[in-house]
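Visitor:
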Amino acid sequence: MRVLQLPLPVADAPAIDPIEARWAAEAVASLIRQLDAGSPVALCLDQARRELTSLAESGEAAGVVVGPLRIRAA
Numbered sequence: 014m015r016v017l018q019l020p021l022p023v024a025d026a027p028a029i030d031p032i033e034a035r036w037a038a039e040a041v042a043s044l045i046r047q048l049d050a051g052s053p054v055a056l057c058l059d060q061a062r063r064e065l066t067s068l069a070e071s072g073e074a075a076g077v078v079v080g081p082l083r084i085r086a087a
């Protein structure tokens, strides 16, 4: 049996504004404060918070929209 594979349209990579990244990092930090420090969810959220903070800082330094946001499973 043959399977027809059609190319999927490729969307532009999502971008995030430095202000949005800073806001999201603060929102994630407030979620982390509600969890046990060593819980797996807190560790995953902390990684996301660090990534958002890094994007915000690099975007503010360059004065441009940064992205894309990439989060991978550990």
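To convert, take the position in the sequence shown, counting from 1, and add 13; that gives the numbering used here.
Every residue, glycine too, gets a C-beta built ideally from N, C-alpha and C.
Is the beta carbon of Leu-68 less than 9 Å from the beta carbon of Ala-34?
Guide: Residue mapping note: residue 68 aligns to position 55 of the sequence shown, counting from 1. Residue mapping note: residue 34 aligns to position 21 of the sequence shown, counting from 1. Cβ distance < 9 Å, so Leu-68 and Ala-34 count as in contact.
Visitor: So who's on the other strand from Ile-45, going by DSSP bridges?
Guide: Counted from its first residue, the sequence shown places residue 45 at position 32. DSSP output for Ile-45 lists no bridge partner at all.
Visitor: Let's test the definition: count the other Cβ atoms within 10 Å of the Cβ of Pro-31 and tell me whether it reaches 16, buried, or not, exposed.
Guide: In the sequence shown, residue 31 corresponds to position 18, counting from 1. With 16 or more other Cβ atoms within 10 Å, it is buried.
Visitor: Residues in its own chain within less than 7 Å of Thr-66 by CB, not counting five upstream and five downstream?
Guide: For the purposes of this step, residue 66 is taken as the residue at position 53 of the sequence shown. Around Thr-66: Ala-38.
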